[in-house]
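Student: Please see the structure below; I have some questions.
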Amino acid sequence: QVQLVESGGGLVQPGGSLRLSCEASGSISSINWMGWHRQAPGKERELVARITSGGSTRFGDPVKGRFTISRDNAKNTVYLQMNSLKPEDTAVYYCRAISNGYEYWGQGTQVTVSS
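What follows is the structure, encoded as structure tokens:
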């Protein structure tokens, strides 16, 4: 079992930045990768970014060049740095982990980009 706790969401103006954190606990040694998905009202959940245990990253097309993902293994935490935020980035952001073929999700954190 893996538990995920997200933090760092909030309200930001267009062009601003936010950093989301996702701390994992439980069977963390078996985690293959962790990442972030988001879901806006009326839209399907989509990949934002993910990072493997080896450090390889992948990003969704809408955020390439603006978002970065990193991990601190000592803190069992993955970070999503979001820069140049746009109103269309408004969504609930969910942390996700894959461990031994099972997927785990956090409770989600709201990000709102608005002036």
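When you line the sequence shown up against our numbering, it's residues 1476 to 1590, in that order.
C-beta: ideal position from N, C-alpha, C; glycine also.
Pick helix, strand or coil for S1504, following the three-state DSSP scheme.
Tutor: Residue numbering aside, residue 1504 sits at position 29 when the sequence shown is read from its first letter. In the structure shown, S1504 sits in a helix (DSSP, three-state: H, G or I).
Student: Would you list the residues sitting across from Q1514 in a DSSP beta bridge?
Tutor: Position 39 of the sequence shown, counted from the first residue, corresponds to residue 1514. BP columns for Q1514 point to V1567.
Student: Would you kindly work out how many angstroms separate the C-alpha atoms of G1517 and T1527, rounded to a whole number?
Tutor: Locating residue 1517 in the sequence shown gives position 42, counting from the first residue. Locating residue 1527 in the sequence shown gives position 52, counting from the first residue. If you take the alpha carbons of G1517 and T1527, they lie about 29 Å apart.
Student: Can you give me the start and stop residues for the beta strand (DSSP E) that A1549 sits inside?
Tutor: As a working mapping, residue 1549 is identified with position 74 in the sequence shown. A1549 -> no beta strand (DSSP E), and no H or E assigned at all.
Student: Would you call the stretch 1506 to 1514 and the stretch 1567 to 1575 in contact, with 3 or more CB pairs under 8 Å?
Tutor: yes
Student: Return the CA-CA distance between G1583 and S1590, expressed in angstroms with no decimal places.
Tutor: Taking the sequence shown and counting its residues from 1, the one referred to as residue 1583 is at position 108. Taking the sequence shown and counting its residues from 1, the one referred to as residue 1590 is at position 115. One C-alpha to the other measures close to 23 Å.
Student: In whole angstroms, give me the CA-to-CA distance for Q1556 and R1546.
Tutor: Within the sequence shown, residue 1556 is the residue found at index 81, counting from 1. Within the sequence shown, residue 1546 is the residue found at index 71, counting from 1. Going by the C-alpha atoms only, they are around 11 Å apart.
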